[in-house]
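Those sequence lines, one after another, are chains A and B.
So the first sequence is numbered by this note's numbering: it starts at 1 and just counts up by one.
So the second sequence is numbered by this note's numbering: it starts at 1 and just counts up by one.
Don't be surprised by glycine CBs; every beta carbon is placed ideally from N, CA and C.
The structure under discussion appears below in the form of structure tokens.
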Amino acid sequence: MASQVAALRRLFGVQLLLFVREPIAVFFTLLFPLMLVVILGYSFGRFHADAGYLVSDEQVPVLIAMTIATVGLMGLPVTIAEYRAQGILKRYRTSPISLGRLLPALVAANFTVLLAAAALTVALTWLLFGLRFSGNVIGVAVLTVLAAAAVFAVGVFIGGFVRTARTAQAVGLGTFFPMLFLSGAMIPRAEFPAWLRRIGDFIPMTYAVDGLVHSWIGQGLTTQWRPALVLVAMFALASAATARTFRWS
Amino acid sequence: MEVGRLTKRYGGLVAVDGLSLEVDAGTIFALVGPNGSGKTTTVECMEALRTPDAGRVRVLGLDPGRDHGRLFAELGVQLQETSMHARLRLGEALRMFAAFHARPADPRELLRTYGLESKERAPFGRLSGGEKRRFLTALAFVGSPRAVILDEPTTGLDPQARHNVWAALERYRDQGGTVFLTTHLLEEAQEHCDRVAIVDHGRLLADGPPARLLRERGLEIRVTLPLDDWLVDVAWGRLGATHQERLDRRWVVYGPDEAFLARVHEEARAHGVAVSRLETRGVRLEDLFLLLTGREYREE
């Protein structure tokens with residue numbers, strides 16, 4: 001094997017390139033959150049949210065969480081299922097690169113796109129509405145990584161065991177929408193009846209939204225250790241499940 | 001490469017049944033057989049895509065199941081059902097796979113060898129079927145492998161492409177490389193391969209250099225005779241035919257040499273059949289294949 005680093009860098013670069021060449025993925029990941037910044041911002045942005053924050057401020061972490069779900073649950077499962085259906089996974093498998101390298105490279109490429117989407121969301125919100133941020137940058141960064149790790153791991157798990165790209169799309173969407181609504185990203189969880197909140201306790205997106213919003217409005221990691229831990233646990237669980245159920249063909 | 005008493009079952013179906021093969025370094029070896037004969041399963045066991053139920057597989061001295069990374073560092077593979085990212089350009093794909101290897105081949109040179117130099121910037125998804133196949137064959141050579149396993153490398157190619165692909169494979173062989181391939185194109189196997197193994201129902205039926213396979217069985221000359229009543233009387237032993245079969249309204253006899261042919265002519269003349277009505281040609285590998293495996297349709 002050539003230099004492992006060079007191989008991984010090439011693999012990562014190609015996965016990123018392929019993402020950028022997929023117009024639908026680019027639209028939903030990079031442009032759709034910006035549309036929401038404009039629509040939601042001009043509709044509700046001037047209302048007050050928590051502790052002196054405007055809705056336009058608080059919608060930024062929510063949109064980042066939503067983009068994590070878009071990339072992880074709508075994009076990744078379909079990509080992996082397509083790779084398998086087209087025999088691309090098999091092609092990688094018969095090269096010195098193993099599955100243990102391809103999937104991390106693919107996930108890293110998707111995470112890079114997520115960071116770009118988050119940066120654009122922050123920039124556009126700041127430009128249009130001004131942005132208040134007195135939160136903890138490290139806390140936001142750590143929670144973004146953990147939330148993406150947990151949700152992406154669920155997406156990889158789905159893509160790893162469904163047989164076709166169509167099924168991957170159906171299962172991905174069937175996971176995306178309940179997760180989005182139950183997590184409190186769209187409707188505050190305080191409005192939910194207790195039983196509905198209880199269901200939300202079992203999905204990673206709830207902790208992604210919760211952790212991101214709270215660290216965004218100024219609470220440090222010390223108070224956000226619970227969502228952080230749950231996200232780590234969910235990442236571990238989904239990864240272990242992937243290792244058992246992933247199919248090459 | 002070596003396969004020893006390989007067995008693989010799928011439920012009750014025995015796909016490969018105690019198959020043994022040996023492929024010498026620096027040769028082109030063809031594994032041929034009807035659909036469902038166990039070719040693909042054998043190849044997939046050699047590529048670690050399947051685990052044998054019994055038997056021993058060694059490729060480049062390695063156990064495919066155990067030495068994954070080392071094996072594919074030196075073994076190039078082109079499978080039927082594999083593909084490449086539709087939106088990735090050929091040059092980009094080759095350079096990426098080249099980065100996985102310590103001594104990669106020059107991507108430009110590979111594209112030139114397989115007639116794709118003008119397609120370096122074309123996305124894989126835009127290629128024609130034949131171009132895709134040629135590209136995947138080129139991709140098998142990207143790591144400067146010591147051996148390659150190719151699944152039907154020339155199927156669906158035009159005559160020029162087939163000629164050039166065979167020329168490239170023979171050059172690779174002459175430089176010491178080992179080629180293991182499967183094909184349904186027996187005329188090509190006979191012309192270009194150093195050794196051919198015919199398998200059916202997961203068992204080995206014949207194995208050796210194509211010319212020797214025919215010679216050993218006394219299958220050198222094939223004569224087709226119009227089916228007339230006189231043939232019923234012919235004593236086949238007297239002709240010295242090594243094999244005979246009835247096809248539609250004709251008889252086909254196989255024999256080893258000119259003496260056999262002379263006897264057939266004599267017999268025909270004796271029965272008032274003009275020699276010009278006999279169809280005579282050399283025996284082909286395809287004839288042997290059909291004699292060994294039958295003429296019925298096979299399920300895909």
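Own chain residues within Cβ distance below 8 Å of R197 of chain A, not counting five before or after: Excluding five sequence positions before and after R197 of chain A, the CB atoms of its chain that fall closer than 8 Å to its own CB belong to R189, given in chain order.
Chain-order list of residues whose beta-carbon lies under 6 Å from that of G55 of chain B (same chain, five-residue window excluded): These residues qualify, in order along the chain: G4, R5, L6, T7.
Reduced DSSP secondary structure (H/G/I, E/B, other) of W251 of chain B: The answer is strand: DSSP assigns W251 of chain B an E or B state.
Nonlocal neighbours in the same chain, by C-beta distance under 6 Å from G155 of chain A, ignoring five residues either side: Only G72, L73, L76, P77 meet the Cβ criterion.
Per-residue contacts from M46 of chain B into chain A (C-beta, under 7 Å): Within 7 Å Cβ-Cβ: nothing; M46 of chain B doesn't reach chain A, min ~11 Å.
Partner residues on chain A for G26 of chain B, Cβ-Cβ distance less than 8 Å: Ordered by position in chain A, no residue passes the 8 Å Cβ test against G26 of chain B, which lies about 22 Å from the chain.
Chain-ordered chain B contacts of V256 of chain A [CB-CB under 7 Å]: Residue 256 of chain A is absent from the structure shown; chain A starts at 1 and stops at 249.
Local conformation of G129 of chain B per DSSP, three classes: Note: G129 of chain B maps to helix in three-state DSSP.
From A:V5, A:R84, A:I187, residue whose alpha carbon lies closest to that of A99 of chain B: Cα-wise, what sits closest to A99 of chain B is A:V5.
Those runs of the alpha helix (DSSP H) which lie wholly inside the segment 37 to 93 of chain A and span at least 4 residues: You should have 55 to 69, 76 to 85, 88 to 93.
Status (buried if at least 16 other CB within 10 Å, exposed otherwise) for R295 of chain B: Classification of R295 of chain B: exposed, given that the 10 Å Cβ count is below 16.
Cβ contact (3+ pairs, closer than 8 Å) linking the segment 29 to 36 of chain B and the segment 178 to 189 of chain B: Segments in contact, yes.
CB contact below 9 Å: L54 of chain A versus chain B: No, because no Cβ of chain B sits closer than 9 Å to the Cβ of L54 of chain A.
Assigned secondary structure, E245 of chain B (DSSP; H/G/I helix, E/B strand, else coil): DSSP places E245 of chain B within a strand segment (E or B) once states are collapsed to three.
Minimum Cβ-Cβ distance from F260 of chain B to chain A less than 9 Å: By this cut-off, F260 of chain B is not an interface position.
Span of the alpha helix (DSSP H), counted from its first residue to its last, around L8 of chain A: Per DSSP, L8 of chain A is one residue of the alpha helix (DSSP H) stretching across 4 to 20.
Buried or exposed (CB count within 10 angstroms, at least 16 for buried), P23 of chain A: Burial call: exposed.
Among A:V26, A:V151, A:G160, A:L146, nearest to L89 of chain A - alpha-carbon criterion: Checking every option, the nearest Cα to that of L89 of chain A belongs to A:G160.
Beta-carbon proximity check, P226 of chain B vs R203 of chain B, cutoff 9 Å: Their beta carbons are not under 9 Å apart, which means P226 of chain B does not touch R203 of chain B by this criterion.
Residue span of the alpha helix (DSSP H) that contains F235 of chain A, given as start and end: Element bounds for F235 of chain A: 225 to 245.
Supposed contact pair A85 of chain A and T164 of chain A - C-beta distance, whole angstroms, cut 8 Å: Sure, about 6 Å apart at Cβ, within 8 Å.
Beta bridge counterpart(s) of T7 of chain B as assigned by DSSP: According to DSSP, T7 of chain B shares a beta bridge with B:D17, B:A54.
Nearest-angstrom beta carbon gap, R87 of chain B and L18 of chain A [assumed within contact, 8 Å]: With a beta-carbon spacing of about 6 Å, L18 of chain A and R87 of chain B fall inside the 8 Å limit used to define contacts.
Rounded straight-line distance, which links the Cα of A105 of chain A to that of S20 of chain B: Here the alpha carbons of A105 of chain A and S20 of chain B stand approximately 39 Å from one another.
Exposed unless 16 or more other CB atoms sit within 10 angstroms - verdict on R91 of chain A: Answer is buried; the Cβ neighbour count reaches 16.
Short CB-CB distance (under 9 Å) between T94 of chain A and chain B: Among the CB atoms of chain B, one or more fall inside 9 Å of the CB of T94 of chain A.
Against chain A: residues of the segment 58 to 73 of chain B by CB proximity under 9 Å: Within the segment 58 to 73 of chain B, the qualifying residues are H68, G69, R70, L71, F72, A73.
Below-9 Å beta-carbon distance, Q169 of chain A vs any chain B residue: It does not: the Cβ of Q169 of chain A has no partner Cβ on chain B nearer than 9 Å.
For P209 of chain B and G26 of chain B, the rounded distance between their alpha carbons: Between G26 of chain B and P209 of chain B, the alpha-carbon positions lie close to 14 Å from each other.
Chain B contact for G75 of chain A (CB, 9 Å cutoff): Output row for G75 of chain A: interface = no.
Any chain B beta carbon closer than 9 Å to W248 of chain A: True, the Cβ-Cβ gap to chain B drops below 9 Å.
F29 of chain B in three-state terms, based on DSSP: DSSP places F29 of chain B in strand when its eight states are reduced to three.
Under 9 Å from the C-beta of L79 of chain B: neighbouring residues of chain A: Here the neighbours are G87, K90, R91, T94.
Option nearest L167 of chain A by Cα separation, candidates A:I80, A:W195, A:A153, A:H214: The identity of residue 167 of chain A in the sequence shown is Thr, whereas the question assumes Leu. T167 of chain A has its Cα closest to that of A:I80, out of A:I80, A:W195, A:A153, A:H214.
Proximity test, Cβ basis, 9 Å: L136 of chain B and chain A: Chain A, which has a Cβ nearer than 9 Å to the Cβ of L136 of chain B, makes this yes.
V226 of chain A versus A170 of chain A: straight-line alpha-carbon distance, rounded: It is Arg, not Val, that sits at residue 226 of chain A in the sequence shown. Going by the C-alpha atoms only, they are around 31 Å apart.
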